[in-house]
Every structure is written in structure tokens, then in C-alpha cells.
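Going by this note's numbering, the first residue of the sequence shown is number 1103, and it counts up by one from there.
We put the beta carbon where it would ideally sit given N, CA and C, even for glycine.
First up is the structure itself, then whatever we jot down about it.
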Amino acid sequence: MTKRLKPFILGVMLMQLGLPTAAMQGQSARTHQGDSSLVIRRLWKGEHLSFHMLAPSPDGQHWSGVDWQTGDLFVADYDSDEARHVTSAGSWTGGSMEWAETSVFSPDGLKIAYVWWSDRDGGYGIRIIGVDGSNPGVLLQHSEANSQISVEGWSADGAQLLLTVLGSDQVWRLMLLSAADGSAKVVKTLGERPPQVAVLSPDARYVAYDLQPDAASRDHDIYTVAVEGGQERELVGTTGDDRLMGWMPGGGNVLFYSDRELTRGIWRISVADGSPVGPPELLRPDIWQLLPIGFAGDKYFYAVITEASQVHTASLDIDAGRVVTTSTPVADPSQGTSKSGAWSPDGRQLAYLWRGHGDPAWKLAVRSLGGGDTQITGLPFGEVTRLEWVPDSRTMMVFGSQGSREGLFRFDLRSGQAAPVLAGADVPGELRLHASFSPDGMTLYFAREVPAGSDTWKLVARDLERGTEREIL
1103 MTKRLKPFIL GVMLMQLGLP TAAMQGQSAR THQGDSSLVI RRLWKGEHLS FHMLAPSPDG
1163 QHWSGVDWQT GDLFVADYDS DEARHVTSAG SWTGGSMEWA ETSVFSPDGL KIAYVWWSDR
1223 DGGYGIRIIG VDGSNPGVLL QHSEANSQIS VEGWSADGAQ LLLTVLGSDQ VWRLMLLSAA
1283 DGSAKVVKTL GERPPQVAVL SPDARYVAYD LQPDAASRDH DIYTVAVEGG QERELVGTTG
1343 DDRLMGWMPG GGNVLFYSDR ELTRGIWRIS VADGSPVGPP ELLRPDIWQL LPIGFAGDKY
1403 FYAVITEASQ VHTASLDIDA GRVVTTSTPV ADPSQGTSKS GAWSPDGRQL AYLWRGHGDP
1463 AWKLAVRSLG GGDTQITGLP FGEVTRLEWV PDSRTMMVFG SQGSREGLFR FDLRSGQAAP
1523 VLAGADVPGE LRLHASFSPD GMTLYFAREV PAGSDTWKLV ARDLERGTER EIL
């Protein structure tokens, strides 16, 4: 199947490392503005929000990604706006729920390893397939023990895949998966926070990754860990927000994105045996909202968000039917995106979902109209769709997924604990978009398709305490 990619409000940029003509003319590779040997050009622009699911081919001519209309894996050509599916089992509605997530090309560009979710097969697993859709197979068996997986990279010799895995214990780990027999090895146990980016060094001796120093921080530091022995070293830290981009060809340098020196820019640091050598070097300043995609040879691909969805607030004169004040975003659009705004029942607090540009997970933000700082809280969910307040103004109802369970969860703002209210087979897909609570918070109203696939709908009321439903309409 071939499909045409729609426009998206995101720039996919290519950075060419090295400019031979400048070197031959004897020009300096360093100026006060950075490295003049870098060439940056825009490849694509339009609407596409799943940038972190894109992966470039080794020759830089194609990318793999997810068609979010079906959940299938596709391969696209950089020189055209067409993409073709390499899987055909993706299904969002009816029957088995299956879809692709992150993917990486093999070093020879002939195969793709990718994450696949299948409730029929038992959860997340790692699969492999030819770029033409041939010879599909399973590398890591599907299991409910894999609460979340991301495939980060393929070793240069094609022997191993680097994974980040969230186990059923809600602990993240860096793992290496054999491409030959599917055996797995834990390289590093990270804890409750996932890295934004993890990359295997060209010689496969080290893994570099970035991590928040604590759950409340928006900053990241960059570390390396030895594949053999597990010795960890801080590569870049303490000064600002440092985000890993990748291990440069040759393995002697690491590229990263940082706000040090009062600008967002691209930096390079020399590395030997997993340790930093000398101070970081600024390659290009004033690069804003960089979202890493990855290397293809000496080219680096990244995305830039120029416009993101935001929750806005404004004052209205209901009687006059007019807007009194200009609508303003609840947070700084240059820092991230927000969605699912919800007023507390007492009208004193506004809750919304917030995700910084490049951050892997949504967080809960609660802003008080009485002033003070906005409280940002991490959420124990793999994906979050929508928020609703419970009338006590101390509890949120969250529509999302936790491990292999998807549905409605009660989230206590004080303890940070989540408990399922409606999950599993009882969850209609429409719950993600439309639902309403009774004033006492004990009854949930929503539409249910009965039977599934019939296009016949009933409005039902579900007693959240007893778990019973009654038909309203």
C-alpha cells in the first residue's frame, strides 16, 4: 500500500558534518558563531507530531515511521511525499489491537527492527522485517512484563540492538538484544525515569544516554555506561539542560544540544574510553526547539517544532456574548505543548497535560488562580489522553494506559498514586474523547457501541463503585 504523507507543522532538518570545499580553500572551521563547516538545510515541513518515531536509513535516503491512521510501519523516501506500508496488521478499532512504535534500520539498510504492540500476542515485543515487507519475524517475544519498549539503535556490525525497557516493576533499563537469537542483556538499571535518547557507540563498547537528575527537574545530564562491567561516567552535566543527540561517526565525539551560555545550540564533546576529554565545543548557536532523530553517515537529522497545540485561557462576558480578554497560552509555547485543560469543580485550579519539547512523557500541571507556581507532577502512565476532575478537587480521573492496561484511572494529587476505575475489555474507545461525570463523581456517562462494530450506540451510565451499567438512551 502506498499513501501520501500529509503536510505537518514541523521542520525536518539535515545537518551535514564537514564541508570539504571550505577546507580546501583554507578557511577556518571555527568562528565566533560556531563551526562554519556545518551545513544545515530544511528537508520537510508540515504537520507531523510523531517525530520521535522517525528513523533515517543508513544512506539518508529513507525513513521509517508509523502511520497513525492504522498503526502500521511505513518506509518513506526523503525526495518524495509518498510512503508505503511494510506491515498490514495495524488495527485501532475492532478485533485485535495492534500497532508499531519506534524502529531502526539495520546497518546494511535492508531490514528494520521495530516495536510492535499486540494484545492478541500478549503485549509489547520486538519484530524484524525487510524494508520491502518480506521475511517478518519476532526477535523479542511479546509479554505483559514489557510495560513499554523503545528500540534505540543497531550496532554497526548488525549483531545487537539497543533497547530501553520499562518492566512490570515500573523500572527502566538499558538492554542489548541479540539480532541472531533474541537473547537479552541488561546494561544499566535506570530507575523510574526514562532517557530521552540512548545511543550505542560505534565500537559497541559504551552506551550514552541523557537523564533528568531528579523527577522535578526539566534539565538533563548526559552519561556513558560501559557495556561490559557497567561502569558509569558523567559526560556532560551540572550546567543547564543538556540533551543527547548522538555518537558521531568514528566514535571520538558525542553531539548534544544545550542551553548553556544563554543560547540553545549544538555542542560537541570529545570522548575516550567513555570519559570526556576536554571541555565541550560550541558548533552552532541559536538552534531552537531541536528534537533529535538520528545520524545517517555524516548527516544528522533533527526536527524543529514551529507551532504546537496549547491550552489557552480568556475572560468571557457570557451575557454580552463576547471575549473580554485576549486568549493566552497557559504555558510558554517555546518550551513545550499542552492539552486537555480542565477546571477544578471549585473553579480555583486549572489542570492540563504538559510535555516539554523533546520530553518523552506527558506530565500533569496544576495552576492555581490565586497565584503561586504551577505544580508539575510526573504521571505513572505510558500514554495519557484526557483529564477530568473529581468533585473533591483533590483527585483527577485520567484516561490513559498503565503497563498493559488501558482505561480510566483515579489519580490522587497528594499521594501520586493511580488506581484503575475502568480498564481492560470494558473500556470503549470513545472513552478517550467523550465522557462526563455526575456531580458526586460516582457515575460516569459515555457512549458504548453495542454490539462492537455494529455502528449502533447507546448512552450508558456506569456506577463506578458497583461496576454496573444502565442504559440511558
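- DSSP, read as helix, strand or coil, puts residue 1153 in helix.
- For residue 1573, the three-state secondary structure derived from DSSP is strand.
- Per DSSP, the continuous beta strand (DSSP E) segment holding residue 1245 begins and ends at 1239 to 1245.
- As summarised for the stretch 1337 to 1400, the continuous beta strand (DSSP E) elements at least 3 residues long and confined to that stretch are 1344 to 1349, 1355 to 1360, 1367 to 1374, 1377 to 1386, 1392 to 1398, given in chain order.
- In the structure shown, residue 1421 adopts coil according to DSSP, grouped into three states.
- Proximity to residue 1316 across 1400, 1339, 1191 peaks at 1339, based on C-alpha coordinates.
- It is roughly 7 angstroms from the alpha-carbon of residue 1482 to the alpha-carbon of residue 1504.
- Residue 1173 has its alpha-carbon roughly 37 angstroms from the corresponding atom of residue 1416.
- Of the residues 1465, 1250, 1141, the one whose Cα lies closest to the Cα of residue 1217 is 1250.
- Taking C-beta atoms as the reference points, residue 1177 and residue 1166 count as a pair closer than 8 angstroms.
- Relative to residue 1546, the option among 1568, 1552, 1559, 1242 whose CA is nearest is 1568.
- Less than 8 angstroms divides the Cβ of residue 1224 from the Cβ of residue 1244.
- For residue 1565, the enclosing beta strand (DSSP E) stretches over residues 1559 to 1565.
- Here residue 1211 carries a coil assignment [DSSP, helix/strand/coil].
- The three-state secondary structure of residue 1502, taken from DSSP, is strand.
- Residue 1364 sits exposed, since fewer than 16 C-beta atoms from the chains shown fall within 10 Å of its C-beta.
- Counting of Cβ neighbours within 10 angstroms places residue 1344 among the buried residues, the total reaching 16 or more.
- For residue 1179, same chain residues with a beta-carbon under 6 angstroms away, outside a window of 5 residues either side, are 1164 in chain order.
- Among the bridge pairs identified by DSSP, residue 1287 is matched with 1278.
- Taking 8 angstroms as the cut-off, the Cβ atoms of residue 1389 and residue 1459 do not count as close.
- DSSP lists 1501 as the bridge partner or partners of residue 1488.
- Residue burial annotation: residue 1201 is buried, with at least 16 other C-beta atoms found within 10 angstroms of its C-beta.
- In this structure, the straight-line span from the alpha carbon of residue 1510 to that of residue 1537 is close to 10 angstroms.
- Residue 1501 and residue 1491 have their alpha carbons spaced roughly 11 angstroms apart.
- The C-beta distance from residue 1354 to residue 1372 rounds to 6 angstroms, short enough to fall under 8 angstroms.
- For residue 1229, the enclosing beta strand (DSSP E) stretches over residues 1225 to 1232.
- Assigned with DSSP and collapsed to three states, residue 1270 falls in coil, not helix or strand.
- Here the alpha carbons of residue 1356 and residue 1370 stand approximately 6 angstroms from one another.
- Comparing alpha-carbon positions, the option among 1312, 1290, 1319 lying closest to residue 1331 turns out to be 1290.
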